[in-house]
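Have a look at the structure below before the remarks.
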Amino acid sequence: NAGVTQTPKFRILKIGQSMTLQCAQDMNHNYMYWYRQDPGMGLKLIYYSVGAGITDKGEVPNGYNVSRSTTEDFPLRLELAAPSQTSVYFCASSYSNNSPLHFGNGTRLTVT
Amino acid sequence: KQEVTQIPAALSVPEGENLVLNCSFTDSAIYNLQWFRQDPGKGLTSLLLIQSSQREQTSGRLNASLDKSSGRSTLYIAASQPGDSATYLCAVGNNAGGTSYGKLTFGQGTILTVHP
Numbered sequence: 726n727a728g729v730t731q732t733p734k735f736r737i738l739k740i741g742q743s744m745t746l747q748c749a750q751d752m753n754h755n756y757m758y759w760y761r762q763d764p765g766m767g768l769k770l771i772y773y774s775v776g777a778g779i780t781d782k783g784e785v786p787n788g789y790n791v792s793r794s795t796t797e798d799f800p801l802r803l804e805l806a807a808p809s810q811t812s813v814y815f816c817a818s819s820y821s822n823n824s825p826l827h828f829g830n831g832t833r834l835t836v837t
Numbered sequence: 000k001q002e003v004t005q006i007p008a009a010l011s012v013p014e015g016e017n018l019v020l021n022c023s024f025t026d027s028a029i030y031n032l033q034w035f036r037q038d039p040g041k042g043l044t045s046l047l048l049i050q051s052s053q054r055e056q057t058s059g060r061l062n063a064s065l066d067k068s069s070g071r072s073t074l075y076i077a078a079s080q081p082g083d084s085a086t087y088l089c090a091v092g093n094n095a096g097g098t099s100y101g102k103l104t105f106g107q108g109t110i111l112t113v114h115p
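Laid out in C-alpha cells, this is it:
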C-alpha cells in the first residue's frame, strides 16, 4: 500500500517554464489537496478536490491549475513559473472531510 | 480569517521529560483540529484528530486537548524520547456551513529536540 505518491521529488525550473507535479493515491480517498510550504511557515492550501471532476480554489491558487479526472490522480500544473513559486509542494488525501489527512513526501521546486 | 499560532517555535528537552506544545486559533467555529508530525525532508504524519465536539484524544504517549471557547489546543507528550524529535504542526478545519471540506489552516509548527 503506497499511500500518496508524488513525483518528481526535486525540480529546478527557469522563469516562464511550465510543469506538472504529479500526485496519486491508492486508498480510494475522495478528498485530495495541494499545499505549499515555505521556510518557517505553515502549509497553505492551493487547490482541493472533493471527488473526481470537482475541484475548487484554496487560499493561494494564483499561478496554478488542477484537474481531477480520476479518483486516484490529482496533478498540479504551473503554467508560467515565477520565483515566488519556489517552495515545497505537498499533496494529501483523506477519506472524508472529517478524517486524518495522508501526505506525500513532497516535491521541492526551485524557480530561477 | 482563521489564524493559527503555535508556541514555542522551538523546544529542547532532555530525554524522559513530559512536555506540552501549544496551539491557539482565532475563530472558535471549527470543524476539527489535527496534530501532525513532520520529519526533515518528509511529508506530514497525522498524530491525532479531535472533533469539534470532543475535549481530548489519546494515542499512546500522546494526548491532545481542545478548548474551543478559549481557542486553544495542547499536545502533551509523556516520557519524551530522542525519536520524538521532529516538527509538530497544529491544523484547524474551519466550519463552513456544517462542513470543512477537509480544508485545514496550519500553524507554523514547533521544532522539538529531545536530547539523550
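Residue numbers (my numbering), protein chains in the order written: chain A, 726 to 837; chain B, 0 to 115. Where a beta carbon is used, it is the ideal one built from N, C-alpha and C, also for glycine.
Around the beta carbon of A:Val791, 16 or more other beta carbons lie within 10 angstroms, which makes this residue buried. B:Gln37 sits buried, since 16 or more C-beta atoms from the chains shown fall within 10 Å of its C-beta. Taking a Cβ-Cβ cut-off of 8 Å, the neighbours of B:Lys41 in chain A comprise Asn830 and Gly831, given in sequence order. Listed along chain A is no residue with a C-beta nearer than 8 Å to that of B:Asn94; the closest approach is about 11 Å. The stretch 58-77 of chain B makes contact with the stretch 31-47 of chain B; the number of CB pairs closer than 8 Å reaches 3 or more. Three or more pairs of CB atoms, one per stretch, sit closer than 8 Å, so the stretch 813-822 of chain A contacts the stretch 752-767 of chain A. Rounded to the nearest angstrom, the gap between the Cα atoms of A:Cys748 and A:Tyr814 is 10 Å.
When C-alpha distances from B:Ile6 are compared across B:Gly15, B:Val12 and B:Val19, the shortest belongs to B:Val19. Here DSSP, grouped into helix, strand and coil, assigns A:Gly765 to coil. Between the alpha carbons of A:Pro800 and A:Arg793 lies a distance of about 7 Å. For A:Asp798, the secondary structure class from DSSP, reduced to helix, strand or coil, is strand. Excluding five sequence positions before and after A:Ala807, the CB atoms of its chain that fall closer than 7 Å to its own CB belong to Ile740, Gly788 and Val836, given in chain order.
The C-beta of B:Ser45 comes closer than 8 Å to at least one C-beta of chain A. At a C-beta separation below 8 Å, B:Asn31 has these neighbours in chain A: Asn823. Here B:Gly42 is buried: its Cβ has 16 or more other Cβ atoms, across all protein chains shown, within 10 Å.
For B:Pro13, the enclosing beta strand (DSSP E) covers residues Ala9 to Pro13. Between the stretch 50-57 of chain B and the stretch 0-15 of chain B, the count of Cβ pairs shorter than 8 Å is below three; the stretches do not touch. Shown here, A:Ser824 sits in coil according to DSSP, grouped into three states, outside any helix or strand.
In this structure, B:Thr109 lies away from B:Ser11, with their beta-carbon atoms at least 8 Å apart. CA-to-CA, the gap between A:Leu834 and B:Phe105 works out to about 21 Å. Under the 8 Å criterion on CB atoms, B:Thr98 is classed as interfacial with respect to chain A. B:Asn17 and B:Pro81 have their C-alpha atoms roughly 13 Å apart.
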